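*Asks:* All residue numbers for the sequence shown refer to full-length UniProt numbering, where the first residue is 1 and numbers rise by one.
Where a beta carbon is used, it is the ideal one built from N, C-alpha and C, also for glycine.
It should be emphasised that the depicted structure is a prediction, and the values quoted were computed from it without experimental measurement.
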Amino acid sequence: MDLGQFAEYYRVLYYCLAASRRRCLEESNPDTMAFYKKPDEDESLNEKDPEGIKRGEYRKMGIYDFVRRDIERYHAHPEEAIVSPELLKSKELKPPPEFVRNVWGSAAGVGSGDFHIYRGIRRREYARLEYIEKTAEEEKLNKEFQERQRILDEAAEAKTAKKRLKRQKKKAKRIASKLSKEVNCPVFLESGQLKSTDSDSG
Numbered sequence: 001m002d003l004g005q006f007a008e009y010y011r012v013l014y015y016c017l018a019a020s021r022r023r024c025l026e027e028s029n030p031d032t033m034a035f036y037k038k039p040d041e042d043e044s045l046n047e048k049d050p051e052g053i054k055r056g057e058y059r060k061m062g063i064y065d066f067v068r069r070d071i072e073r074y075h076a077h078p079e080e081a082i083v084s085p086e087l088l089k090s091k092e093l094k095p096p097p098e099f100v101r102n103v104w105g106s107a108a109g110v111g112s113g114d115f116h117i118y119r120g121i122r123r124r125e126y127a128r129l130e131y132i133e134k135t136a137e138e139e140k141l142n143k144e145f146q147e148r149q150r151i152l153d154e155a156a157e158a159k160t161a162k163k164r165l166k167r168q169k170k171k172a173k174r175i176a177s178k179l180s181k182e183v184n185c186p187v188f189l190e191s192g193q194l195k196s197t198d199s200d201s202g
């Protein structure tokens, strides 16, 4: 489990829970029961927990309780992958209608609701055009980023390959020098010429 993914998941979880808590402030709201949990059923009727909650009563769950519950769940099933929920999902707009039914004739009179129909059509069309422009801009920025990243990766790979070749040459030279000292025999240089390590060689 990656520590960065773990921290990102709980950051997103905290914001999701905070948003849900803001929506469920009123205890009369049925959704508020999601922030309450029932004590264990094996508790006796007269037994109370340290917080003074009787059996059958609901007590409020905080962020700590939610996080502890998720940690226990993930420890129980370590083979499952952690999926980080998205805070903001891309909103898909409806495509324009293929057949427009509210078409006015040349001799038709203007009704009282036609202006509101026109405003709705205009609003949806503006939202669709804005979504298209935003998507095109995001694709353009993503393409530029990918191109920039590719150039940086190629430069880093070339630099790494150059250092790797230099390191391999240095290692081969060190091994050849060590072998020549042990065996006292001629060895090949990088240029292909023979170099004798005998004492009588000049």
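1. Thinking just about the alpha-carbon of each residue, which of 152, 148, 146 and 134 is nearest to the one in residue 93?
2. Residue 112 to residue 125, Cα distance in whole Å?
3. When the Cα atoms are used, what is the spatial distance from residue 162 to residue 68?
4. Of the choices 60, 101, 136 and 158, whose alpha-carbon is the least far from that of residue 118?
5. For the alpha helix (DSSP H) that residue 81 lies in, which residues bound it at each end?
6. Can you name the start and end residues of the alpha helix (DSSP H) that residue 115 belongs to?
7. Identify the continuous alpha helix (DSSP H) that holds residue 73 and give its terminal residues.
8. So residue 128 packs on residue 96, CB below 8 Å; how close in whole Å?
9. Could you tell me the distance, in whole angstroms, from the CA atom of residue 159 to the CA atom of residue 167?
10. Under three-state DSSP, which class holds residue 9?
11. What does the alpha-carbon distance come out to for the pair residue 146 and residue 11?
12. Can you find a heavy atom of the ligand ADP that lies under 7 Å from the Cβ of residue 179?
13. I need the straight-line Cα distance from residue 142 to residue 76, nearest angstrom please.
14. Could you check the C-alpha separation between residue 137 and residue 156 for me, to the nearest Å?
15. Measuring only the C-alpha atoms, how far is residue 203 from residue 144?
16. Per DSSP, what kind of secondary structure is residue 25 in: helix, strand or coil?
*Replies:* On the basis of the supplied data:
1. 134
2. 22 Å
3. 50 Å
4. 101
5. Careful: residue 81 lies outside any alpha helix (DSSP H) and carries neither H nor E.
6. 114 to 183
7. 63 to 76
8. 7 Å
9. 12 Å
10. helix
11. 27 Å
12. Ligands displayed in this structure: none; no statement on the ligand ADP is therefore possible.
13. 39 Å
14. 28 Å
15. No answer is possible for residue 203: it lies beyond the span of the chain, which begins at 1 and ends at 202.
16. Note that residue 25 scores a pLDDT of 49, beneath 50, so its modelled location is shaky; the value from the coordinates is reported in the next line. In the structure shown, residue 25 sits in coil (DSSP, three-state: anything other than H, G, I, E or B).
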